[in-house]
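*Asks:* Quick mapping for you: the protein sequence lines, in order, are chains A and B. Per my numbering, the first sequence runs over residues 219 to 600. Per my numbering, the second sequence runs over residues 1310 to 1534. Glycine residues also receive a C-beta, built at the ideal position from the N, C-alpha and C atoms. Keep in mind it's a predicted model, so treat the numbers as computed, not measured. First the structure, which I've put down as structure tokens, then a few questions once you've had a look.
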Amino acid sequence: MRQLLRRQRYLIDYSLAALARRPGKHVALLLVYTLVVFLLASVMLFTQSLRREAALVLAQSPEIILQRQIAGRHDLMPADYLDRIGRIRGVSATYGRLWGYFYDPAVRANYTLMVPPPGSPEHGEPAPGDIVIGAGIARTRGLEPGDYLSLRSARGEPFAFRVAALLPHRTELVSTDLMLLGADDFRRFFAFPADRFTDIVLQVRNPREVRKVAEKLSLALPDTRPILREEILRTYDAVFGWRQGLVFVLMGGMVVAFVIFAWDRAAGLSGEERREIGILKSIGWETGDVLRMKFWEGAILSLTAFFLGYLLAYAHVFYLSAALFEPVLKGWAVLYPDFRPIPFVDAIQVATLFFFTVFPYTVATIVPIWRAAVTDPDAVMR
Amino acid sequence: MIELRDVKKVFNQGRGSELWAVRGVTLDLEPRQVTVFKGPSGSGKTTLLSMIGALSRPTSGRISLDGKLLSNLPERFMTQVRRRTFGFVFQRFNLIRGLTVLENVMLPAYPLAPDYGDLRRQARALLTQFGMDAKADDKVEWLSGGEAQRAAICRALINAPRILIADEPTANLDSARSRELIGLLGELQDLGKTVLVASHDPLVFESARVSRVVELRDGLLAEDA
């Protein structure tokens, strides 16, 4: 065993010397390789982080949202539906929500206006004329607490709201475009009927009862559609997955270019390298020794590129907020959330990236070397 | 004792460029002697030496070393025999550029994985023996022809082989360096090594240090040609 380890040390020693002997070739390869790992890892880390962030935020959202539908379109929910739902076993709370969208032509952005649900942890319902806004709106409109925001209501009248507070930074991913206001202000601003809600939410304590409750709702109120939290999570997953896929497709060309470059650099043996293999064989190295040495050479290069690329991607995503991919991965909104993802590394994802970057390169280097290494060593004498 | 029995070697067999480099050589080589294979270019000297040194196999015929057949050994065992029994000094030295003299000398021992300190000491001792200790840390591309030749000899001796094979060792040396090299080969014989040299340089095959000259012509011993 000791002999085996010592042998590997000798081979690694030689491989390091071989890498240092052709610095131009290897530094170029290392840079391109690191760049590819960096880009792929950045997308993976960022998307994973967004998914996780969304899951964390949605974990606090209600288990079931009930929407009314007319001709397959979302319609306002009559307030008396709350009574019709009555008491369903397993449901701990039921209440109507008021929320909607508002297009602000001044900054060409959409805001989400919402009346905080009862028992909101951070902010209760703002006082009449007051609003609490997300960081995106504050940034875009240059607002601070105490300032006034004037918007045109549905009836065309100007409405001046006083900014009472800003929403906390840590929720920015989902609250950047959010404006919280009182129920009366909401109804007056949108000319929203007094006997209607946007939708109804139901809190279910036992997750195993959620589907059963949804079934009962569908039967009791056939013109409504229950939306489960798990469905929303799945949708977010799909949206982020789709965006990740889109970026990967855009990167596809670059990856192919890298493969060709790496193949050319790693697999295309120069005359000098062929001669070197011949010399090593003639002085007593076995074909296996040459292959092991070249394996180490490829492994050292690809592992270095992998770790460098991954560390750079980690810094890029978690310290620089993935500045390179922001527009594609976060969404095409005017109000980009300015958020710093929580550092999170998924072992399976690291393993996948490792497999698809380090493994092919190492194999690509071994195959041509094997072809050169099995030739008779007497070539160096001729 | 090295025995060759009707050894033949053909290159590109069955093709238009087929070449019989060795056409049937039967020969016994005594141990602890300096034997020179002489003959013009293309006479089969290098091919014969590469087969004796287990660098390649004969197309037909047998080569044995101390009664053990070498010519039909699998690749792996041939490499082991080559590593432990033979040391090679090539015409163009074949040192690996970019490495130091010391690293080049140590290279043949890497697959055997000896203790690093011991290997380094052994390599240094050889370099000192051949007057190359001051050059140990120089890159081989900075060496003169004579220095490169001595570095190549040190490398050939690092695994303490019984037999040293030198192919045209004076081809890239001036007369003074050639005489010096012949002296070195003689010293190796004094140390109990068998030395086999391929050369068409009269300075080599006419030297008093040479025990035997075997002449080759057109892939055959001159006496059979």
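Going straight from the alpha carbon of residue 1323/B to that of residue 1369/B, what length do you get?
*Replies:* Taking the straight line joining both Cα atoms gives about 15 Å.
*Asks:* Compute the beta-carbon to beta-carbon distance between residue 562/A and residue 267/A, rounded to the nearest angstrom, for a pair I have assumed lies under 8 Å.
*Replies:* Right, the Cβ-Cβ distance comes to about 6 Å (below 8 Å), so this counts as a contact.
*Asks:* From the beta carbon of residue 527/A, is the nearest beta carbon of chain B less than 9 Å away?
*Replies:* Residue 527/A does not count as touching chain B.
*Asks:* Would residue 1428/B and residue 1418/B be called neighbours here (beta carbons separated by less than 9 Å)?
*Replies:* Their beta carbons are under 9 Å apart, which means residue 1428/B touches residue 1418/B by this criterion.
*Asks:* Cutting at 7 Å between CB atoms, please list the residues of its own chain near residue 535/A, excluding the five before and the five after it.
*Replies:* Taken in chain order, the residues that qualify are 260, 263, 264, 267 and 559.
*Asks:* Residue range of the alpha helix (DSSP H) that residue 534/A falls in?
*Replies:* Note, residue 534/A: alpha helix (DSSP H), 505-536.
*Asks:* How many whole angstroms separate the CB atoms of residue 1316/B and residue 1367/B, which I take to be in contact at a CB cut-off of 8 Å?
*Replies:* Confirmed, Cβ separation roughly 5 Å.
*Asks:* Could you compute how far the alpha carbon of residue 477/A sits from the alpha carbon of residue 1415/B?
*Replies:* One C-alpha to the other measures close to 36 Å.
*Asks:* Enumerate in chain order the residues of its own chain whose CB-to-CB distance from residue 1356/B is below 6 Å, with the five nearest sequence positions on each side excluded.
*Replies:* So the qualifying residues of the chain are 1318, 1330 and 1331.
*Asks:* Should residue 521/A and residue 576/A be called a contact, given that it needs their Cβ atoms to be closer than 9 Å?
*Replies:* Their beta carbons are under 9 Å apart, which means residue 521/A touches residue 576/A by this criterion.
*Asks:* Counting C-beta neighbours from all protein chains within 10 Å, is the total for residue 385/A 16 or more, i.e. buried, or is it exposed?
*Replies:* So residue 385/A ends up on the buried side.
*Asks:* Can you tell me whether residue 1377/B is buried or exposed, with buried defined as 16 or more other CB within 10 angstroms of its CB?
*Replies:* Residue 1377/B is exposed by the Cβ-count criterion.
*Asks:* Going by DSSP in three states, residue 278/A sits in which element: helix, strand or coil?
*Replies:* Residue state, collapsed to three classes: coil.
*Asks:* From the DSSP output, which residues share a beta bridge with residue 583/A?
*Replies:* Per DSSP, none; premise fails for residue 583/A.
*Asks:* Determine whether the Cβ of residue 499/A lies closer than 9 Å to any Cβ atom of chain B.
*Replies:* Interface residue, yes.
*Asks:* Three or more C-beta pairs under 8 Å: does that hold for the stretch 1476-1489 of chain B against the stretch 1392-1403 of chain B?
*Replies:* Touching, yes.
*Asks:* DSSP beta-bridge partners for residue 330/A?
*Replies:* DSSP output for residue 330/A lists 319/A and 396/A as bridge partner(s).
*Asks:* Is the number of C-beta pairs between the stretch 566-575 of chain A and the stretch 497-509 of chain A that are closer than 8 Å three or more?
*Replies:* As far as the Cβ criterion goes, the stretch 566-575 of chain A does not touch the stretch 497-509 of chain A, which means the pair count is below three.
*Asks:* Tell me, to the nearest whole angstrom, how far the beta carbon of residue 586/A is from that of residue 500/A; I am working on the premise that it is less than 8 Å.
*Replies:* Incorrect: roughly 20 Å between the Cβ atoms, too far for contact.
*Asks:* Below 9 Å between beta carbons: does that hold for residue 394/A and residue 360/A?
*Replies:* Cβ atoms of residue 394/A and residue 360/A: not closer than 9 Å.
*Asks:* Do the CB positions of residue 247/A and residue 511/A come within less than 9 Å of each other?
*Replies:* Contact flag unset, no.
*Asks:* Looking at the strands, I want to know which residues DSSP matches up with residue 324/A.
*Replies:* Paired residues: none, contrary to the question.
*Asks:* Per DSSP, what are the beta-bridge partners of residue 383/A in this structure?
*Replies:* Bridge partners of residue 383/A: 350/A.
*Asks:* Grab me the residues of residue 276/A's own chain with a C-beta within less than 8 Å of its C-beta, minus the 5 sequence neighbours each way, in chain order.
*Replies:* Excluding positions up to five away in sequence, the list reads 447, 450, 451 and 454.
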